[in-house]
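In our numbering, the protein residues as written are -18 to 83.
What follows is a short report on a single structure.
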């Protein structure tokens, strides 16, 4: 069993434990919701989950969320992450447009 939390921008909403075998199914559900959120908001990125590991590479907790972000927010948050697997969607249409403008 692994602990999990479900967060929004204001903090923790729910928490509990789940079998490790259930994690991928939940992440897939959140990924599908993130697609909808990206279409609604036009965000550069939508963070929908993280897996946090201890120093021995053992999975400690999984966090589920739905956070639309700008490039700056995303890189500020993920640039500091250690022992973390980040799950996010990235708006490639925007980045291609940005690269074409350069």
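Glycine residues also receive a C-beta, built at the ideal position from the N, C-alpha and C atoms.
Note that the structure is predicted; figures quoted are calculated from it, not measured.
Determine which residues share a DSSP beta bridge with residue i and list them.
i          : result
residue 45 : -13 and 30
What number of angstroms, rounded off, separates the C-alpha of residue i from the C-alpha of residue j?
i          : j           : result
residue 5  : residue -13 : 15 Å
residue -2 : residue 41  : 11 Å
residue 62 : residue 33  : 9 Å
residue 19 : residue -18 : 31 Å
residue 47 : residue 53  : 17 Å
Measure from the alpha carbon of residue i to the alpha carbon of each residue in the options, then state which is nearest.
i          : options           : result
residue 30 : -2, 24, 15 and 63 : 15
residue -6 : -15, 2 and 0      : -15
residue 50 : 72, 1, 3 and 9    : 72
Going by DSSP in three states, residue i sits in which element: helix, strand or coil?
i          : result
residue 69 : strand
residue 83 : Unreliable positioning characterises residue 83 in this predicted model, as indicated by a pLDDT of 44, which lies under 50. The coordinate reading is nonetheless provided below. DSSP places residue 83 in coil when its eight states are reduced to three.
residue 19 : helix
residue -4 : strand
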